[in-house]
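Chains as they are written, first to last, in my numbering: chain R, 1 to 340; chain Y, 1001 to 1300; chain C, 2001 to 2403. All residues carry an ideal CB built from backbone N, CA and C; glycine is no exception. Beneath this line is the structure, given in structure tokens, with notes to follow.
Here it is as structure tokens:
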């Protein structure tokens, strides 16, 4: 136990050092890219609390990211009563707004089994993009909202790309530590008790509802923060910035990379980054392989590979990569089988 | 304020369009229900499977076949594909947690979507359906022959399936396998193959839905994505384990959504999908078994 | 915890001081000029991506003849699937990683609007955008690094309005338009062109560019009993609109906007609905009988054959390639005017002082002219009518210049 704690602390420290040092060795634009990976990492972190520890499936976390992105966009462009809010300060607000939305989803979610929750949240991901289209005067419709160019605030002299890198990974690190404490502390242990047997947990006086909705709200908060950072980094927000497929990628990355290890989460976030932002490059790279002739007008190959990998891994390693999938599916096994 | 006022002619046309949409929803919802009954899981790849088989049809027509010549070939391919999917990727995980099956179907959806893009390109293309775009006069209202054709085909398909399930030995075996696995095995039903058969049937239903809707929506890899959500809503509305519910739910939803979108200003075109989603939520909270379903959905 | 975070931040700032140094003029070296573009190569607008391919072929042709002042044009175009978010990603990458000299002919109104601020803030030229939104030509003061190219949509709408007033008795107009700046620009122009007769518009319905099907909208429009239909829709929606009109048994006088009027698209809709449709045109359409033997078209086809990739017989008839070459011709013209000592300021000065008469890919008589306050390179068009599976231009050159 002590040893495990020591190892975890050591790896946290190593991560901190890595974050601090990496920009020295890469180009400015690469730092920007790694920052984007960090944003997906934050979203995955939140999702891992929800799915891994409280056992609830969400195929709609892209929608929470979008809520965060839109909050930032509206506050920094339109402001409140005409008073524009600096982009950095919108980040926590965006997180809270998304968190509230998560709470609102979490309440009805209590009455839904895993399958139906997956269905509803998937529907949420698809249907959410219609909201900015309906309220397009406020939210910009498909043309979206254009934010100010990314600049370094407070008179600091860092390049904007480095600023966003440190901002993102700084926040990611803090949120990681928070998640770590949450999981190791009372809330986490309570969730584990719920996960292992709801009936026993309830009979020992634990309020199921409170903890499960808390998990939903917290995970949505994380996603909102990630979405806010993403919008700030790009200076643009519209309904397709967080597409439906992103919600699918988030869950898939979690299933592949594992809920427990933050290395798995970082790898998952990197995979998502490649699929969403660098897909054309993968196609291009694959094209170089002999006997492969891929047309840039037909860019689906990365999805084919990812889908295939997902299927194969889930079939061959049902107990999961790094033993973590067990954690992912454990909570649902008891629930779904005790019914039939 | 510049929107045309209510006319009975337009209402009839919107109603016809709504019924046609509902027929498509019903087909896909029925596919979802068949799979749910046999595997207790929701196939998130149903839409992509349908689009994929529609692309196969398009390819065949490109090579010179007429639609009705390609049609049976596509159905056979769809059936084989559905069976293959069940036997290869669903079977290894079908006794595990439902969430695994869901993620596997999501993986399949990604794979198929990407594959369609790789093989046929991502743009949309016209699809020469079997029904001409001529209109016929029904009591003074021009109704499209295409809409009529789609509804008729869907109706015939559903009727055939109903007959199949009710009156044939195979249909009986399928229902038995879905209802009670162990007892069925005892009387000699090959449950595994029954499941595969169910997936094959579902794939056929999806293929028909895809081929019916492609002339209107134009064929592209993402064609069925929103329809899938509506199909989910229809299946939940009707009851996830009720084939009758799927059909009724589909028709009701199609008409309701079309009329809501046209006549309720607030909903308009944009909020149709969220409205359907709200409906799913409402049904799950108020009457979780849907209109005709029987299985408990709530949990402790 | 706080200390950790602060020290991370401080360390980061120190470390980032050793950043990359920018080139003298980014994207320009003694041997090449790097140009970037973001266009739809996949997805529903993929057919318009041929504009970029036409540009690419034309640049290769120019390079084969020595380039511009000895510098070869290196054209990098990335796929954005007509999605503004991806266009933003592509543009950031082209500017920061590829270090292009200028962004050129990116396609899509929303796409170009999404990147306009970031390009102007970074002082990177946004040249000859492939969009007719009036703002690209009109707002040069606020966005000095941006300039449009194709005739502004608002003027196109006005031309249709003026035609209706002049030629159609008792007009009752229904309008289907895309619910974004592109569609709204056309609609506003139509209203202006109708002048006093603006009351002739009896019904207007917008659709979202990610809708599945516009038949419900067309059904609604038909119910207004209009005898004129304006299709201000893009790509598949335009096709669906024609299909819906045919399916509903409606026979209005149709006006279809320029970007959806490609011959390849018009040829596959029900001809019953398409015949008689009117649009505008500024370029030479290789599929139109009028230009079959034209020298400019012959040139574009030979360039495609020699320098294009995967060119089939259908591509030689595709007007998007020619539109790309027209734009590329203007860019090369501007580069030459900017002189040997090429700077970003220089190219903007050249682009806003154009007076180009010899563009072989646009209608004869068109002069490509710009000033710093009137950034509309193409302001002359002709009307054309569809019949017998082809476009037939008629009448004189009309002005599409905003006043």
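- Once you ignore the five residues that flank residue 169(R) on each side, which residues in its own chain have a CB closer than 6 Å to its CB? Closer than 6 Å at Cβ, skipping near neighbours: 19 and 38.
- Task: Would you kindly work out how many angstroms separate the C-alpha atoms of residue 2006(C) and residue 2128(C), rounded to a whole number?
- Result: Residue confidence is low: residue 2006(C) scores 46 on pLDDT, short of 50, so the model does not pin down where it sits. No coordinate-derived value is stated.
- Message: For a test of the three-state rule: what should DSSP assign to residue 81(R), helix, strand or coil?
- Response: In the structure shown, residue 81(R) sits in coil (DSSP, three-state: anything other than H, G, I, E or B).
- Scan the region 1077–1095 of chain Y for residues whose Cβ lies nearer than 7 Å to a Cβ of chain R and list them as they occur along the chain. Answer in chain order: 1089, 1092 and 1093.
- Buried or exposed (CB count within 10 angstroms, at least 16 for buried), residue 281(R): Around the beta-carbon of residue 281(R), fewer than 16 other beta-carbon atoms lie within 10 Å, marking it exposed.
- Query: Listing by chain order, which chain R residues have their CB less than 8 Å from the CB of residue 1183(Y)?
  - Reply: Residues of chain R with a Cβ closer than 8 Å to the Cβ of residue 1183(Y) do not exist, since the nearest Cβ in that chain sits about 14 Å away.
- Note down, in chain order, every chain R residue with its Cβ under 9 Å from the Cβ of residue 2096(C). 27, 28, 29, 32 and 161, listed in chain order.
- Task: Using a Cβ-Cβ cut-off of less than 9 Å, list which residues of the region 1107–1125 of chain Y approach chain R; keep chain order.
- Result: With the criterion set as a beta carbon lying under 9 Å from some beta carbon of chain R, the members of the region 1107–1125 of chain Y are 1107, 1108, 1109, 1110, 1111, 1112, 1113, 1114, 1115, 1116, 1117, 1118, 1119, 1120, 1121, 1122 and 1123, in sequence order.
- Task: Please name the residue, chosen from 127(R), 59(R) and 162(R), that lies closest to residue 30(R) on a Cα-to-Cα basis.
- Result: It is 162(R).
- Counted within 10 angstroms of its Cβ, other Cβ atoms place residue 976(Y) as buried (16 or more) or exposed: The question about residue 976(Y) has no answer, for chain Y in this structure spans 1001 to 1300.
- Message: For residue 1113(Y), count the other beta carbons within 10 Å of its own beta carbon; 16 or more makes it buried, fewer makes it exposed. Which is it?
- Response: Answer is buried; the Cβ neighbour count reaches 16.
- Message: Less than 6 Å between C-beta atoms, sequence neighbours within five positions excluded: which residues of the same chain meet that for residue 1043(Y)?
- Response: Same-chain partners within the cutoff: 1035 and 1105.
- Query: Cα separation between residue 2241(C) and residue 308(R)?
  - Reply: Residue 2241(C) and residue 308(R) have their alpha carbons spaced roughly 38 Å apart.
- Contact check, residue 2084(C) vs residue 2105(C) under 8 Å by CB: the rounded distance? In fact, because the Cβ distance is near 16 Å, the residues do not count as touching under 8 Å.
- Reference residue 2134(C); option with closest CA among 2168(C), 2126(C), 2097(C) and 2188(C): In this structure, 2188(C) is the residue among 2168(C), 2126(C), 2097(C) and 2188(C) with its C-alpha nearest to the C-alpha of residue 2134(C).
- Quick one: what does DSSP say residue 2355(C) is sitting in, helix, strand or coil? Note: residue 2355(C) maps to strand in three-state DSSP.
- Item | Any C-beta of chain Y under 8 Å from that of residue 2047(C) | Contacts with chain Y at 8 Å (Cβ-Cβ) include residue 2047(C).
- Among 62(R), 52(R), 13(R) and 287(R), the one whose alpha carbon lies nearest that of residue 230(R): Of the candidates 62(R), 52(R), 13(R) and 287(R), the one whose C-alpha sits nearest the C-alpha of residue 230(R) is 62(R).
- Using a cut-off of 7 Å between C-beta atoms, extract the partners of residue 1065(Y) located in chain R. None at all; the shortest Cβ gap to chain R is about 23 Å.
- Message: Any C-beta of chain R within less than 7 Å: which residues of the region 1239–1266 of chain Y qualify?
- Response: If the cut-off is 7 Å between Cβ atoms, the region 1239–1266 of chain Y has nothing near chain R.
- Can you round the beta-carbon distance between residue 2202(C) and residue 2190(C) to whole angstroms, since I take them to be within the 8 Å contact cut? Not quite, the Cβ-Cβ distance comes to about 13 Å (not below 8 Å), so this is no contact.
- At a Cβ threshold of 8 Å, is residue 1130(Y) touching chain C? Interface flag for residue 1130(Y) against chain C is unset, since no Cβ pair is found closer than 8 Å.
- Message: So the candidates are 2142(C), 2228(C), 2363(C) and 2262(C); which of them puts its Cα closest to the Cα of residue 2394(C)?
- Response: Comparing alpha-carbon positions, the option among 2142(C), 2228(C), 2363(C) and 2262(C) lying closest to residue 2394(C) turns out to be 2363(C).
- Output the boundary residues of the alpha helix (DSSP H) element that contains residue 1193(Y). Residue 1193(Y) -> alpha helix (DSSP H) spans 1191–1217.
- Message: Is residue 2211(C) close to chain Y? Criterion is C-beta to C-beta, closer than 8 Å.
- Response: With 8 Å as the cut-off, residue 2211(C) counts as an interface residue toward chain Y.
- Is the distance from the Cβ of residue 1153(Y) to the Cβ of residue 1102(Y) below 8 Å? Contact flag unset, no.
- Task: Can you tell me which of the three DSSP states residue 2206(C) falls into?
- Result: DSSP, reduced to helix, strand and coil, places residue 2206(C) within a strand of the structure shown.
- Determine the burial state of residue 287(R): buried for a count of at least 16 other Cβ atoms within 10 Å of its Cβ, exposed for fewer. Under a 10 Å Cβ-count criterion, residue 287(R) is classified as exposed, with fewer than 16 other Cβ atoms of the shown protein chains found around its own Cβ.
- Message: Among the candidates 1030(Y), 1120(Y) and 1012(Y), whose CA atom is the shortest distance from the CA of residue 1250(Y)?
- Response: Comparing Cα positions, the closest option is 1030(Y).
- Query: Got a sec? Which residues, its chain only, sit under 7 Å from residue 1126(Y) by beta carbon, not counting five neighbours each side?
  - Reply: The residues are 1218.
- Message: Can you check whether the C-beta of residue 2400(C) is within less than 8 Å of a C-beta belonging to chain Y?
- Response: No - not a single Cβ of chain Y is within 8 Å of the one on residue 2400(C).
- Task: Enumerate in chain order the residues of its own chain whose CB-to-CB distance from residue 2022(C) is below 6 Å, with the five nearest sequence positions on each side excluded.
- Result: Only weak support exists for where residue 2022(C) lies, its pLDDT of 49 falling under 50; the value from the coordinates is given anyway. Counting only Cβ-Cβ distances below 6 Å, and skipping sequence neighbours, we find nothing.
- Cβ of residue 1042(Y) within 8 Å of any chain R Cβ: Closer than 8 Å: yes.
- In three-state DSSP terms, what is residue 2393(C)? Looking at residue 2393(C) - three-state DSSP - the assignment turns out to be strand.
- Closer than 8 Å, CB to CB, is residue 130(R) near chain Y or not? The beta carbon of residue 130(R) sits closer than 8 Å to some beta carbon of chain Y.
- Item | Residues near residue 44(R) by beta carbon distance below 7 Å, same chain, minus five either side | When the five nearest sequence neighbours on each side are left out, the beta carbons in the same chain lying within less than 7 Å of the beta carbon of residue 44(R) are those of 250, 253, 254, 265, 268 and 269, in order along the chain.
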